[in-house]
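Going by this note's numbering, the sequence shown runs without a break in its numbering and finishes at 537. Cβ coordinates follow ideal geometry from the N, Cα and C atoms, glycine included. What follows is a set of notes on a single structure, which appears directly below.
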Amino acid sequence: MIRLVPRRSGTKVFVLVVLLLLLSVVGTVSYLGWRQSVPGVRATATPPRVVGAKTPVTVALEATRGNVASAEVRFVQGAGKPIVVAKHEGGGNRRVELTTTVEAAGGGVREGGATVEVWARDDFWRPFRLEGRVIATFPITVDLTPPRIEVVSSTPYLHPGGAGLVIFKPGDAVKMEARVGTVSFPAFPAGAADGNMRIALFALPYNYEAGTPITLVASDEAGNTASRGVPGELLPRKFKHDTIELKDSFLQAKVLELLPQHPQSAPLLDGFLVVNRDQRKQAEEEKRKLGAKTADKFLWDGPFVQPRNTKVSANFAETRTYMYHGKEVDTQVHFGYDLASTKQAPVPAANKGTVVFAGPLTIYGNIVVVDHGLGLMTLYGHLSSLGVKVGDVVEKEQELGRTGTTGLAIGDHLHYEVLVHGISVTPVEWWDPKWIRDRLNTPLRAAGLTEIAGVERGDEAPRTRSGKSRPKR
65 MIRLVPRRSG
75 TKVFVLVVLL
85 LLLSVVGTVS
95 YLGWRQSVPG
105 VRATATPPRV
115 VGAKTPVTVA
125 LEATRGNVAS
135 AEVRFVQGAG
145 KPIVVAKHEG
155 GGNRRVELTT
165 TVEAAGGGVR
175 EGGATVEVWA
185 RDDFWRPFRL
195 EGRVIATFPI
205 TVDLTPPRIE
215 VVSSTPYLHP
225 GGAGLVIFKP
235 GDAVKMEARV
245 GTVSFPAFPA
255 GAADGNMRIA
265 LFALPYNYEA
275 GTPITLVASD
285 EAGNTASRGV
295 PGELLPRKFK
305 HDTIELKDSF
315 LQAKVLELLP
325 QHPQSAPLLD
335 GFLVVNRDQR
345 KQAEEEKRKL
355 GAKTADKFLW
365 DGPFVQPRNT
375 KVSANFAETR
385 TYMYHGKEVD
395 TQVHFGYDLA
405 STKQAPVPAA
415 NKGTVVFAGP
425 LTIYGNIVVV
435 DHGLGLMTLY
445 GHLSSLGVKV
455 GDVVEKEQEL
465 GRTGTTGLAI
475 GDHLHYEVLV
485 HGISVTPVEW
495 WDPKWIRDRL
505 NTPLRAAGLT
515 EIAGVERGDE
525 APRTRSGKSR
535 PKR
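Structure, rendered in structure tokens:
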């Protein structure tokens with residue numbers, strides 16, 4: 065009897081092949097499904113809540129896989145046609161940053177609500193290609209109206225090397241300042257009842273040129289900017305010149321004091337020029353930085369005082385020509401007044417305020433700087449000793465230290481400056497009750513604000529502490 069036996073090995077192979085095919089199909093389907101499910105391009109942005117005529121908007125794009133193939137930032141408003149404001153094509157970058165300006169002043173854009181749409185796609189292969197699509201939307205508000213600046217009052221007469229005051233209403237502005245040319249001066253709340261009045265002290269540099277614009281500039285939340293001129297009549301002012309002969313003994317003492325790293329083998333004159341130029345410039349930069357530390361209100365009371373029994377030995381904005389062995393070696397401008405008295409004489413605070421600096425400052429030696437508010441400060445230089453520290457609140461005529469010869473001083477004296485946001489102006493104006501009354505109190509009164517106290521209306525001339533009239537300089 066013959067018995068037939070099934071070929072089981074062939075069946076097993078067949079089953080195995082089928083299983084492998086099924087696994088391959090499942091794997092392929094899974095793989096294709098994974099590729100299809102990979103997220104596309106992601107967008108992150110923090111657009112401003114309000115946009116103006118030209119407001120920058122930045123959108124960061126990142127492909128989950130592959131690179132960003134294309135992208136668009138669109139501006140949509142109502143049923144109108146979308147406006148493409150930024151576009152990216154190819155480039156093979158996984159990360160792309162689009163920065164654009166929504167020029168809302170054109171293209172039919174109007175004030176009101178709007179939407180920023182971000183469209184993008186990547187180059188990652190998928191079984192079914194993803195076309196460009198909206199990946200993010202951001203609501204915004206369009207504001208095309210610049211703030212309205214109203215000048216309430218200002219100092220009527222201005223001088224080169226002098227100060228002025230302007231009071232204004234900035235409308236809905238969130239940033240505002242006064243400018244003299246390109247130099248900016250911050251504005252502060254004026255304490256008016258309506259809360260929408262600002263006050264700014266500004267300085268005209270000694271070399272101010274007629275015609276240089278004096279303006280108010282204000283910007284709202286949307287970045288819309290408006291400007292308006294500050295009225296005022298410019299009166300001329302002349303400044304003196306002086307010649308200083310440098311002595312070897314002076315160079316020996318001061319170069320070693322102010323530039324100890326100067327090589328002994330190098331000429332002392334070279335070291336002096338470094339001090340007189342570079343360190344002088346450094347001091348001017350520090351003054352500007354100190355101006356940012358001012359209080360946002362008046363701290364002073366009445367006219368500023370000149371120290372008792374002092375004589376002016378050098379004038380404000382005096383151009384100095386330095387001579388050495390009969391040759392001209394340098395020219396610099398001297399800011400402030402040099403006030404001579406007795407050696408190590410007490411130095412009184414010119415007015416009430418807060419000490420914002422007390423220590424050495426290059427050519428000025430040991431100094432004290434007192435803040436009187438709204439950017440107004442006084443500087444006391446070449447001191448032999450300091451009697452106050454930063455943060456001290458001082459009263460008018462309180463002793464700040466003693467005069468001396470520190471810094472680039474030839475003899476014992478006080479170097480005295482008045483600064484408006486770090487720019488030196490003539491002290492004479494601030495010593496003069498009439499100037500304060502006419503140039504500051506008049507615009508304050510016109511704006512309905514509290515006037516600077518301690519100024520008598522009948523006082524027509526600047527006076528010393530002894531009561532004698534001080535000649536005009």
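Let me make sure I understand the geometry here. Which of the options has the alpha-carbon closest to that of residue i?
{"i": "Gly-236", "options": "Ser-248, Ile-431, Pro-253, Arg-212", "result": "For the record, residue 236 in the displayed sequence is Asp; it is not Gly. Looking at the Cα atoms, Arg-212 is the closest of the given residues."}
{"i": "Thr-163", "options": "Ile-199, Gln-370, Glu-195, Thr-122", "result": "Thr-122"}
{"i": "Arg-193", "options": "Ser-101, Val-489, Asn-340, Ile-147", "result": "Ser-101"}
{"i": "Ile-500", "options": "Leu-315, Ser-94, Val-369", "result": "Val-369"}
{"i": "Phe-399", "options": "Val-482, Gly-423, Asp-342", "result": "Val-482"}
{"i": "Val-397", "options": "Ala-317, Tyr-270, Pro-295", "result": "Tyr-270"}
{"i": "Gly-224", "options": "Glu-493, Leu-504, Gly-518", "result": "Per the sequence shown, residue 224 should be read as Pro rather than Gly. Checking every option, the nearest Cα to that of Pro-224 belongs to Glu-493."}
{"i": "Val-182", "options": "Leu-354, Val-93, Pro-111", "result": "Pro-111"}
{"i": "Arg-301", "options": "Gly-228, Leu-265, Ala-356, Ala-381", "result": "Ala-381"}
{"i": "Ala-473", "options": "Ser-313, Gly-176, Gly-228, Val-238", "result": "Ser-313"}
{"i": "Gly-465", "options": "Asp-435, Glu-392, Gly-423, Val-319", "result": "Gly-423"}
{"i": "Pro-203", "options": "Val-180, Arg-190, Lys-353", "result": "Val-180"}
{"i": "Thr-470", "options": "Val-420, Pro-497, Glu-348, Ala-317", "result": "Ala-317"}
{"i": "Ala-267", "options": "Ala-409, Pro-220, Ala-227", "result": "Ala-227"}
{"i": "His-305", "options": "Gly-104, Arg-159, Leu-208, Asn-379", "result": "Asn-379"}
{"i": "Val-433", "options": "His-479, Thr-276, Gly-154, Gly-177", "result": "His-479"}
{"i": "Leu-438", "options": "Gly-468, Phe-252, Arg-341", "result": "Phe-252"}
{"i": "Ser-134", "options": "Val-105, Val-376, Lys-145", "result": "Val-105"}
{"i": "Glu-460", "options": "Pro-371, Phe-78, Leu-85", "result": "In the sequence on display, residue 460 carries Lys and not Glu. For the residues Pro-371, Phe-78, Leu-85, the minimum Cα distance to Lys-460 belongs to Pro-371."}
{"i": "Leu-280", "options": "Arg-243, Pro-295, Leu-333", "result": "Arg-243"}
{"i": "Gly-176", "options": "Arg-159, Asp-187, Thr-209, Lys-76", "result": "Thr-209"}
{"i": "Lys-353", "options": "Ala-178, Ala-109, Phe-249", "result": "Phe-249"}
{"i": "Pro-507", "options": "Ile-231, Gly-116, Leu-310, Phe-303", "result": "Ile-231"}
{"i": "His-389", "options": "Leu-333, Arg-129, Trp-495, Asn-131", "result": "Leu-333"}
{"i": "Ala-109", "options": "Ile-487, Val-137, Asn-131, Gly-155", "result": "Val-137"}
Pull the bridge partners of residue i from the DSSP assignment, please.
{"i": "Arg-159", "result": "Glu-126"}
{"i": "Tyr-558", "result": "Nothing can be reported for residue 558: it is not among the residues displayed for the chain, which extend from 65 to 537."}
{"i": "Gly-228", "result": "Phe-266"}
{"i": "Pro-412", "result": "Glu-463"}
{"i": "Val-121", "result": "Thr-164"}
{"i": "Lys-151", "result": "Glu-136"}
{"i": "Trp-183", "result": "Glu-136, Val-198"}
{"i": "Leu-280", "result": "Ala-242, Arg-292"}
{"i": "Met-387", "result": "Glu-309, Glu-392"}
{"i": "Thr-205", "result": "Val-114, Gly-177"}
{"i": "Leu-440", "result": "Val-484"}
{"i": "Thr-62", "result": "Nothing can be reported for residue 62: it is not among the residues displayed for the chain, which extend from 65 to 537."}
{"i": "Ile-213", "result": "In DSSP, Ile-213 forms no bridge with anything."}
{"i": "Gly-366", "result": "Partner(s): none; Gly-366 has no beta bridge."}
{"i": "Glu-273", "result": "Note: Glu-273 sits in no beta bridge, so no partner."}
The ligand MG heavy atoms versus the CB of residue i: any closer than 6 Å?
{"i": "Pro-111", "result": "The model depicted lacks the ligand MG and carries no ligand whatsoever."}
Tell me the DSSP secondary structure of residue i in three-state form.
{"i": "Ile-308", "result": "strand"}
{"i": "Thr-165", "result": "strand"}
{"i": "Arg-537", "result": "With a pLDDT of only 37 at Arg-537, under the threshold of 50, the placement of this residue in the model should not be trusted; the figure read from the coordinates follows. Arg-537 falls in the coil class under three-state DSSP."}
{"i": "Phe-314", "result": "helix"}
{"i": "Gly-522", "result": "Confidence is the limiting factor: at Gly-522 the pLDDT is only 47, short of 50, which leaves the residue's position unreliable and the question unanswerable from this model."}
{"i": "Val-89", "result": "helix"}
{"i": "Ile-199", "result": "strand"}
{"i": "Gly-423", "result": "strand"}
{"i": "Ala-510", "result": "helix"}
{"i": "Glu-348", "result": "helix"}
{"i": "Arg-190", "result": "coil"}
{"i": "Gly-334", "result": "It should be noted that the sequence gives Asp, not Gly, for residue 334. DSSP places Asp-334 in helix when its eight states are reduced to three."}
{"i": "Asn-505", "result": "helix"}
{"i": "Pro-103", "result": "coil"}
{"i": "Arg-529", "result": "Only weak support is given to the placement of Arg-529: the predicted model assigns it a pLDDT of 40, under 50, and the value that follows is read from those uncertain coordinates. Of the three classes helix, strand and coil, the one that applies to Arg-529 here is coil, per DSSP."}
{"i": "Ser-94", "result": "helix"}
{"i": "Asp-342", "result": "helix"}
{"i": "Val-319", "result": "helix"}
{"i": "Phe-249", "result": "strand"}
{"i": "Thr-470", "result": "coil"}
{"i": "Lys-76", "result": "helix"}
{"i": "Pro-371", "result": "coil"}
{"i": "Leu-447", "result": "strand"}
{"i": "Lys-233", "result": "strand"}
Is there a Cβ from chain D that is less than 7 Å from the Cβ of residue i?
{"i": "Tyr-444", "result": "The chain labelled as chain D is not found in the depicted structure, where only one protein chain is given."}
- Query: Is the segment 285-302 touching the segment 348-364, taking contact as three or more C-beta pairs under 8 Å?
  - Reply: With a cut-off of 8 Å, the segment 348-364 and the segment 285-302 do not count as touching, because too few Cβ pairs lie within range.
- Item | the segment 407-419 / the segment 438-451 touching (three or more Cβ pairs under 8 Å) | Output reads yes: the segment 438-451 touches the segment 407-419.
- Would the segment 508-517 and the segment 256-263 be scored as touching if the rule is three or more Cβ pairs under 8 Å? Judged by Cβ distances under 8 Å, the segment 508-517 makes contact with the segment 256-263, as three or more pairs qualify.
- Item | Segment contact, 8 Å Cβ cut-off, at least three pairs: the segment 416-433 with the segment 445-454 | The way I'd put it, the segment 416-433 does touch the segment 445-454; three or more beta-carbon pairs between them come closer than 8 Å.
- Message: With three or more beta-carbon pairs closer than 8 Å as the criterion, would you say the segment 89-101 touches the segment 145-163?
- Response: Contact fails between the segment 89-101 and the segment 145-163, because fewer than three Cβ pairs, one in each stretch, are under 8 Å apart.
- Cβ contact check for the segment 213-221 and the segment 451-458: 3 or more pairs under 8 Å: Counting Cβ pairs under 8 Å, fewer than three are found: no touch.
- Specify whether the segment 318-325 and the segment 333-345 touch according to this definition: at least 3 beta carbon pairs, one from each stretch, less than 8 Å apart. A contact exists between the segment 318-325 and the segment 333-345.
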